[in-house]
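Visitor: For reference, the structure I am asking about is given below.
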């Protein structure tokens, strides 16, 4: 137990150092830092056009009002911020590690390679617009729907943000992981971004089959739908159970694939 | 060697480099499909309650047609040529063109056409296929004339957009860190050109302002030509406007580049 | 005490070829011709604690591949490796904390930050206690004299300074075993010497076992008591540098300078003329004849100066490679 706690503490310290180092490195190029925020704002504006359309057409999806849709869009925007801050840059780096052989130096470190490779870089600028805008939309939507701010609601929503973060990790690193086998996986990455963007709207607008695939095969839709649905009391019990199991299943699956990828790297390359 | 042969060669070089990245091409075709799907579902939900109502002046069918054609047209018209030009300016590659007996703009233009030729033909075929499906589905005969007018409109839109990019690229003479900047302007140009939603959603004020800009004449105009919302006279007038804007953008961008080039040479490359 | 034991180690991997042109690209899509490269073939050796060993060989001989198998980066195709009692390919953290690898062309330092930040990160990754960390850091900065660049962003440093800091980052956890893959590549002569002096001192002081690959003969002559020659993935010599002279080289070189012009015919009685012009000549003579021949030369020719030397190591090694290939 003590050893376990000690290891966890050590990993947290190292993650803190990653964060500190990234922050210092990004401050070296302050102009780029601000421009990165600018780019993210323009993407945000593009996404907000959807909100404009929703309110201007007074769009109701089943029982979900425009305010309800805002809660979904807000969750999506916040998750985009989290993804772009914590994972995006790392997923770009993986194929570079493999191509240029930098992975060799990471492989000999006495620490989990998966931790080192997938969490080493944190971006501080790009998530800012998305996190702020997402937070504001969530608060507005939450208030307009008159959902009481209870401990249970906050906990449930927070829990599903955690689930969403794990799923974002597993799904969005998938194309990068394939670069251990194939040299160019940029195209697949592009497709995954497009699927990610499909979460911009509540899943209720999609057809039944698209929803089934999005929940049970590639669980993208769990990421932004289950949290809002739960606090709106629209999440079915079977969905709730699936929502709590799927991050574990995905993590285990991802771990197995990761190990395959690394052993392939060690065996097949010279 | 005649200048025809020179530019023919540049055109072919562009085509070859595009073929080098053909896997990317296939993937970018596939990823174009998702935004169309999302918007299709959104508009279906919007019109589901009152199917006969028009939103922003579009009937359901018109809106779906617009969504599909605008997505295709965006991919035909949009280029990353401002990034390439900025690199030429930054890395001093521009010198290479200055000392050779070719015109930089013409070089970029023919190279770009070569690069986009294959992809754009594919896109035009896709649009043609959609039109056929649509007319079979509705039992209405397809109007070939409309398709031909669209071809004219989209070619002009391509040239016009290239000139807009050319003008924007001149900013690289003054700003140092430019790739992020072009990411912003690129997206902005797509939005106000109607690449995501019809420009009509921005309301009458913005639209009135955009009437005095060339942006509405690229994606928005071409997509509406083929979706059948515009009358023949409006299309002819629009094509005329495209021509006028092409001439004015050409003059504007030449002026900007001339000023920028003076600065470039003044700084000693 | 034995620290590395390698037995019948082999490594092969598949690769593909692609010929030029679009047609071949399409052909490759359907059918790719697989070729097998045997990077390392059936190598065996042992290394004891505290030794300073050099791997020498031409490009692509399999030096780096062997080093990567010793450090667990690559898995062997066959054969066994034991390093400090561990099987490297299991990649146990306990094992990783006991060695370090430095690759001359790859850096573990954060480019935009002062090196001290990367070193501090390694303290936590290798779980070095505070006191030990301070002590190692002080000692290493002192030895390599890099106080003044510790707080400067790595990207602003010279290649030599970067290599020194790379060494500090790698040695901060006091490894028992250090692998160096071409550590002096691209460095100027003065920095090369400093790095060599440091390595020599560190090896003697801490009894750290060091295995090094290099192209530079000077690295090896200065540092390594033992030499392992690899060519085409095979081990062709393993032993002392001086013994190699003795064992492999039964000839000596005699360099002559004359006071007046000497004709070629006057030298022709001796076999092994390497080079001869008016006022000087170089002869290769079997070891046992050296005394007799030099006496005779002094008697017969107008000699100003006579030098008797071993064949330079580089030349010897090149001739060994050639002999190997001819076999």
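Residue numbers (my numbering), protein chains in the order written: chain A, 46 to 315; chain B, -4 to 264; chain C, 25 to 351. Idealized CB from N, CA, C, for every residue including glycine.
(1) Mind checking the region 105 to 121 of chain C against chain A and listing, in chain order, the residues whose C-beta falls within less than 9 Å of any C-beta there?
(2) Given that residue 44 of chain B touches chain A, what residues does it touch there, using C-beta distances under 8 Å?
(3) Which residue's Cα is closest to the Cα of residue 128 of chain A: A:193, A:222, A:211 and A:249?
(4) Give me the residue from B:39, B:192 and B:156 with the minimum Cα distance to residue 245 of chain B.
(5) Please report the residue range of the alpha helix (DSSP H) in which residue 129 of chain B lies.
(6) Could you tell me whether the region 85 to 97 of chain C touches the region 248 to 261 of chain C, where touching means 3 or more Cβ pairs closer than 8 Å?
(7) Looking at the secondary structure, which residues open and close the beta strand (DSSP E) in which residue 106 of chain C lies?
(8) Are residue 84 of chain B and residue 167 of chain B touching if we call contact CB-CB under 8 Å?
(9) Report, in whole angstroms, the separation of the C-beta atoms of residue 105 of chain B and residue 9 of chain B, which I expect to be a contact under 8 Å.
(10) Could you check what DSSP says for residue 111 of chain C in three-state terms: helix, strand or coil?
(11) What residue does the beta strand (DSSP E) around residue 304 of chain C start on, and which one ends it?
(12) I'd like to know whether the C-beta of residue 222 of chain B is nearer than 8 Å to at least one C-beta of chain A.
(13) Taking C-alpha atoms, which residue in C:289, C:196 and C:232 lies nearest to residue 154 of chain A?
(14) Taking a cut of 9 Å between CB atoms, which residues from the region 88 to 101 of chain A lie near chain B?
(15) Got a sec? Which residues, its chain only, sit under 6 Å from residue 259 of chain C by beta carbon, not counting five neighbours each side?
(16) Write down the C-beta distance between residue 124 of chain C and residue 178 of chain C rounded to the nearest angstrom, noting that I regard them as a contact closer than 8 Å.
(17) How would you write the range of the beta strand (DSSP E) that residue 327 of chain C sits in, first residue to last?
(18) Mapping DSSP to helix, strand and coil, what is residue 20 of chain C?
(19) Any beta carbon of chain B sitting closer than 8 Å to that of residue 251 of chain A?
(20) Which residue wins for smallest C-alpha separation from residue 176 of chain B, given the options A:87, A:68 and A:195?
(21) Can you give me the Cβ contacts of residue 74 of chain C inside the same chain, cut-off strictly under 7 Å, excluding the 5 residues immediately before and after it?
(22) Just confirm the distance between the C-beta atoms of residue 150 of chain C and residue 58 of chain A, as a whole number of angstroms; I'd bet it's less than 8 Å.
(23) Relative to the alpha-carbon of residue 35 of chain B, which residue among B:233, B:58, B:95 and B:190 has its alpha-carbon at the smallest distance?
(24) Unbroken alpha helix (DSSP H) runs of length 4 or more, entirely within the region 47 to 131 of chain A: which are they?
(25) Can you look up residue 267 of chain B in the DSSP assignment and give me helix, strand or coil?
(26) Could you tell me whether the region 41 to 61 of chain B touches the region 143 to 158 of chain B, where touching means 3 or more Cβ pairs closer than 8 Å?
(27) Candidates B:226, B:3, B:250 and B:186: which alpha carbon is nearest residue 211 of chain B's?
(28) If you drop the 5 nearest sequence neighbours on each side, which residues of the same chain put their C-beta closer than 7 Å to that of residue 66 of chain B?
(29) Compute the beta-carbon to beta-carbon distance between residue 243 of chain A and residue 33 of chain B, rounded to the nearest angstrom, for a pair I have assumed lies under 8 Å.
(30) Please classify residue 124 of chain A as buried or exposed, where buried requires at least 16 neighbouring CB atoms within 10 angstroms.
(31) So which residues on chain B does residue 243 of chain A lean against when the C-beta distance must stay under 7 Å?
(32) List the residues of chain B whose Cβ lies closer than 7 Å to the Cβ of residue 84 of chain A, in chain order.
(33) Since residue 34 of chain A meets chain B, which of its residues come closer than 7 Å, beta carbon to beta carbon?
(34) Over the uninterrupted beta strand (DSSP E) stretch that includes residue 76 of chain C, give me the two end residues.
(35) Measure the C-alpha to C-alpha separation of residue 103 of chain C and residue 110 of chain C and round it to an integer number of angstroms.
(36) Look up residue 238 of chain C in the DSSP assignment and say whether it is helix, strand or coil.
Guide: On the basis of the supplied data:
(1) 113, 115, 116, 117, 118, 119, 120 and 121
(2) 105
(3) A:211
(4) B:156
(5) 99 to 133
(6) yes
(7) 102 to 107
(8) yes
(9) 7 Å
(10) coil
(11) 304 to 310
(12) no
(13) C:196
(14) 88, 90, 91, 94, 95, 97, 98, 99 and 101
(15) 67
(16) Between residue 178 of chain C and residue 124 of chain C the Cβ distance is about 18 Å, and since that is not below 8 Å, they are no contact.
(17) 327 to 334
(18) Chain C is shown only over 25 to 351; residue 20 of chain C falls outside these bounds and no answer can be derived.
(19) yes
(20) A:87
(21) 231 and 233
(22) 13 Å between Cβ atoms; not a contact.
(23) B:58
(24) 47 to 73, 75 to 101 and 111 to 131
(25) Residue 267 of chain B is absent from the model: chain B starts at -4 and stops at 264.
(26) no
(27) B:186
(28) 27, 30 and 31
(29) 5 Å
(30) buried
(31) 29 and 33
(32) 175, 178 and 179
(33) As shown, chain A starts at 46 and ends at 315. That puts residue 34 of chain A outside it, with no answer to give.
(34) 76 to 80
(35) 14 Å
(36) coil
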